[in-house]
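Trainee:
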Amino acid sequence: MENQQTARKKIIFSGIQPTGVMTLGNYLGAVKNWVALQEEYHCCYSIVNLHAITIRQDAKALRENTLAAYALLLACGIDPEKSIAFIQSHVQAHAELSWVLSCYTQFGELSRMTQFKDKSARHADNVNAGLFTYPVLMAADILLYQADLVPVGIDQKQHLELARDIAQRFNGLYGNVFTLPDGYIPKLAAKVMSLQDPTKKMSKSDDNPKAFVAILDKPETIIKKFKSAVTDSETQVAYREGKDGINNLMSIYSAVTGKTFQVIEDEFAGKGYGEFKLAVGEAVAETLRPVRERFDAYMKEKAYLEDCYRKGAEKAQALSQRTLDKVYKKVGFLAK
196 MENQQTARKK IIFSGIQPTG VMTLGNYLGA VKNWVALQEE YHCCYSIVNL HAITIRQDAK
256 ALRENTLAAY ALLLACGIDP EKSIAFIQSH VQAHAELSWV LSCYTQFGEL SRMTQFKDKS
316 ARHADNVNAG LFTYPVLMAA DILLYQADLV PVGIDQKQHL ELARDIAQRF NGLYGNVFTL
376 PDGYIPKLAA KVMSLQDPTK KMSKSDDNPK AFVAILDKPE TIIKKFKSAV TDSETQVAYR
436 EGKDGINNLM SIYSAVTGKT FQVIEDEFAG KGYGEFKLAV GEAVAETLRP VRERFDAYMK
496 EKAYLEDCYR KGAEKAQALS QRTLDKVYKK VGFLAK
């Protein structure tokens, strides 16, 4: 009975790169929502380390960062009993389907991808074919699991549209092979901006370390970063146009406390920005404290992590193999 109920749930796929740093923006804008989705959907979450090598990586650091990223997923609340949590390179079907789909993707489609243009400009010394075909691998990630929904930010929307186009093209030729995925935009997705330039998204690649909060930062570091956050020349804590710094801090405070903007405005009426920034910093530090503690505990239990990601890969392989077998049959590959 339980399996029948699970089968009726919609499938969600999402992946995160093993970069070694997850920001407060990643947590509030994505991973925190992933945890909530586990109760409602059949979720597949992957550490997408195949995507990571489009940029040159140090092998030892990539292995360490992949394990740390997996531990961090669990520390944030992803339950390997409720969700399929796995490492992308452990499931061969991703690379295999990516090759087939690349033969059903037009060169012109890939050349129009804005992320390819942006990354090519940033990594001009290594504009490789993997960087160019990255969106095809992303399409394979999604389509392998017959995902109904994919949590995406604005920067990945174009890639999801391409995945749908590829799926429609393939289905048009061979019948109903792939589920067409839709973007999932959570109702309470927090858009977290830079603490030093609140017109820009918070990013781990920011040159100024005060601009972003890493999810594993110590409480004193988090509070210090919020104390130095850019605001404006007024003194009123209010959400309105032209107050980008305060708007950002209010959004963050609302996301970690559940308080509405009106409640926040009332709470800090007549109080200065210094008091408000301290309150935001303390609330964020307290929200992230259990995540950091669980992460430290998981990193001491390497055998447990290994057991989890191996079991996750087995589940992912079983699910993805069904799709791959169907695709191989449709294109005319001889069965093993």
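Under our numbering, the very last position in the sequence shown is 531; numbers go up by exactly one each time. A virtual CB, placed ideally from N, CA and C, is assigned to each residue, including glycine. Everything numeric in this text was worked out from a predicted model, so none of it was measured.
1. Taking only runs of the alpha helix (DSSP H) that begin and end inside the segment 417 to 483, which ones reach a length of at least 4 residues, in chain order?
2. Report the partner residues of residue 377 according to the DSSP bridge assignment.
3. Buried or exposed for residue 212, going by 16 or more other Cβ atoms inside 10 Å?
4. Extract the residue ranges of the alpha helix (DSSP H) inside the segment 214 to 280, only unbroken runs of 4 or more that lie entirely within it.
5. Quick one: using the 10 Å Cβ neighbour count with 16 as the cut-off for buried, is residue 423 buried or exposed?
6. Assess contact between the segment 396 to 416 and the segment 365 to 383, defined as three or more Cβ pairs (one per stretch) separated by less than 8 Å. Is contact present?
7. Please classify residue 275: is it buried, with 16 or more other beta-carbons within 10 angstroms of its beta-carbon, or exposed?
8. When the Cα atoms are used, what is the spatial distance from residue 373 to residue 239?
9. If you run the structure through DSSP and keep just helix, strand and coil, what is residue 396?
10. Is it buried or exposed, residue 208, if we count other Cβ atoms within 10 angstroms and call 16 or more buried?
11. Rounded to the nearest angstrom, what separates residue 369 and residue 218 at their Cα positions?
12. Provide the residue(s) that pair with residue 388 in DSSP beta bridges, ordered along the chain.
13. For residue 285, which residues from the same chain have a beta carbon less than 6 Å from its beta carbon, with the 5 sequence-adjacent residues on both sides left out?
14. Is residue 328 buried or exposed, if buried means 16 or more other CB atoms sit within 10 Å of its CB?
15. Which residue comes first and which comes last in the alpha helix (DSSP H) that contains residue 337?
Mentor: According to the structure shown:
1. 439 to 452 and 456 to 462
2. 344
3. buried
4. 227 to 232, 244 to 247 and 254 to 271
5. exposed
6. no
7. buried
8. 16 Å
9. strand
10. buried
11. 42 Å
12. 396
13. 508
14. buried
15. 324 to 339
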